[in-house]
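Here is the structure we will look at.
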Amino acid sequence: MAGSLPKAGSRWSLGRPLDFRHGRVEMSHGAGGRATTQLVETLFQTALGDMGTQTGDDGAVLPPLAPGERLVMACDGHVVSPLFFPGGDIGCLAAHGTINDVAVMGARPLYLTASFILEEGFPLADLQRVAVSLGRACRDAGVAVVAGDTKVVERGKGDGVFIATTGVGALPAGRNIGGRQARPGDAILISGTVGEHGLAILAQREHLQFASEIVSDTAPLHTLIDALLAAAPGVHVMRDPTRGGLATVLNEIARQSGVGIDLDEAVIPVRADVAAACELLGLDPLYAANEGKVVVVVRAAEADAALAALRAHPLGRQATRIGTVIEDPQGFVQMRTRMGGRRLVDWLTGEQLPRIC
Ligand code: MG
1313 MAGSLPKAGS RWSLGRPLDF RHGRVEMSHG AGGRATTQLV ETLFQTALGD
1363 MGTQTGDDGA VLPPLAPGER LVMACDGHVV SPLFFPGGDI GCLAAHGTIN
1413 DVAVMGARPL YLTASFILEE GFPLADLQRV AVSLGRACRD AGVAVVAGDT
1463 KVVERGKGDG VFIATTGVGA LPAGRNIGGR QARPGDAILI SGTVGEHGLA
1513 ILAQREHLQF ASEIVSDTAP LHTLIDALLA AAPGVHVMRD PTRGGLATVL
1563 NEIARQSGVG IDLDEAVIPV RADVAAACEL LGLDPLYAAN EGKVVVVVRA
1613 AEADAALAAL RAHPLGRQAT RIGTVIEDPQ GFVQMRTRMG GRRLVDWLTG
1663 EQLPRIC
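In this note's numbering, each residue's number is its place in the sequence shown (first place is 1) plus 1312.
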């Protein structure tokens, strides 16, 4: 951190304490001086726990991996609106989204960095809630926040808080999971019902009232994935169907692997409240975001073992086999509809739900 450091032996005072009840983010909180240090030390380090940044150095020094392991890194930007929604907030969402991107590569999530872009005037109480939520989500997942940064933009030039994260994980030797590994004959599984996160955000944003409150599914998936890979080492692809939903992820995999995908609409799990809300709003749950689900492409011979492992975990109770990888160099995703017809499940065009994560 730049700026004049106190002389040895002098008293290093941070000035008046932060007012967490009525205080607001000020431009000085991003200026790198005393106010920034005060914000970092009294708000972020308390909320985020054992940060590497507590050393006060410019970077975190991390221990070596086990022999044969490789590093996996993922980065993510979080701009969700509203910041607080049923089932979560931008803080835990930032942690879960990044942890899940590392976990679906087959890696063990280890570290996270978080860069907070704050808008002048944002209530410190809300910032504290967000930071505490991010810190708790990381601690619960056994992931250390090892570096962080804070910047402040002028009032009207941000929207409260944006969070940019990097996730780091360790990939065991010999593990090779990725979007190019799908093969004709592979089974396609989803770990649970689709669309809750997208509809929870939309309902909150538009003040929509449904018979029951739709709650985001935001959750860290790494323990579910651990159980899955222990039971089915022949998993070829995993991906978390976030923005763009299940349909988008399946199109990505089909394109990357140069295969087709054949889905069965009748078995794709959708909660009744999500289905009803989608019907009302003219949305398709296949394109709605999820933050606690994983799509799995696995060798057919291991499909039953994979399903059983998913269903034995609290986050995978409604895991279902929803389709099969087929030969199709054009990479189409097609679906047998509930009515018995067939239709293409195309890429999302345009933006169904902006600022969903
Ligand atoms: Mg992802």
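Note that the Cβ used here is the ideal one computed from N, Cα and C, for glycine as well. Note that the coordinates shown come from a computational prediction; the quantities given were computed from them, not determined experimentally.
- The set of residues whose C-beta lies within less than 5 Å of a heavy atom of ligand 1 reads, in chain order, Asp1413 and Asp1552.
- Take the alpha-carbon of Leu1541 and the one of Asp1369: they are about 37 Å apart.
- Residues Asp1585 of the same chain have their beta carbon placed closer than 6 Å to that of Ser1524, with the five preceding and five following residues left out of the count.
- Leu1558 and Leu1330 have their alpha carbons spaced roughly 44 Å apart.
- Under DSSP, the beta-bridge partners assigned to Lys1463 are Ile1429.
- The beta carbons of Leu1422 and Ala1482 sit closer together than 9 Å.
- Spatial neighbours of Gly1570 in its own chain (CB-CB distance under 7 Å, excluding positions within 5 residues in sequence) are listed in chain order as Pro1641 and Gly1643.
- The DSSP-derived three-state label of Gln1357 is helix.
- Cβ-Cβ separation between Gly1507 and Ala1419: approximately 27 Å, too far for a contact (criterion under 8 Å).
- Three or more beta-carbon pairs separated by less than 8 Å link the segment 1545 to 1555 to the segment 1586 to 1606, which places the two stretches in contact.
- By the 16-neighbour rule on beta-carbons within 10 angstroms, Cys1387 is exposed.
- In this structure, Ile1429 lies away from Val1457, with their beta-carbon atoms at least 9 Å apart.
- Asp1658 is classed as exposed because its beta carbon has fewer than 16 other beta carbons within 10 Å across all chains shown.
- Exclusion of the five residues before and after Arg1467 leaves Glu1431, Glu1432 and Gly1433 as the residues of its chain whose Cβ lies within less than 8 Å of its Cβ.
- Leu1540 sits in a helix when the DSSP states are folded into three classes.
- Taking 9 Å as the cut-off, the beta carbon of Gln1440 is found no closer than this to the beta carbon of Phe1522.
- Judged by DSSP secondary structure, Arg1441 falls within the alpha helix (DSSP H) whose first and last residues are Leu1436 to Asp1452.
- Measuring C-alpha to C-alpha distances from Thr1478 to each of Asp1413, Val1444 and Pro1496 identifies Asp1413 as the nearest.
- Each of Val1610, Ala1372 and Ala1512 was checked against the Cα of Ile1489, and the nearest Cα belongs to Val1610.
- Close CB contacts of Ser1445 within its chain, under the 7 Å cut and outside five residues either way in sequence, are with Asp1401, Gly1403 and Cys1404 (chain order).
- Minimum Cα-Cα distance from Leu1656 among the listed residues Arg1555, Ala1378, Leu1665 and Leu1598 corresponds to Leu1598.
- Look at the segment 1575 to 1635 and you find these whole runs of alpha helix (DSSP H), each 4 residues long or longer: 1584 to 1593 and 1615 to 1623.
- Per the C-alpha coordinates, the member of Ala1512, Asp1461 and Gly1491 positioned closest to Leu1665 is Ala1512.
- C-alpha of Ala1620 to C-alpha of Leu1562: approximately 22 Å in a straight line.
- In the DSSP assignment, Arg1517 falls within the unbroken alpha helix (DSSP H) covering Glu1508 to Arg1517.
- Look at Ala1523 here: in three-state DSSP terms it is coil, with no helix or strand label.
- Following the DSSP letters along the chain, one finds Arg1654 inside the beta strand (DSSP E) bounded by residues Arg1654 to Leu1656.
- Secondary-structure assignment with DSSP links Met1385 through a beta bridge to Val1480.
- The residues Ile1634, in chain order, have a CB closer than 6 Å to that of Ile1580 in the same chain once the five nearest residues on each side in sequence are set aside.
- DSSP places Arg1336 in the strand class (E or B) of the three-state scheme.
- Within the same chain, Cβ atoms closer than 7 Å to the Cβ of Gly1335 are found at Leu1436, the five residues on either side in sequence being excluded.
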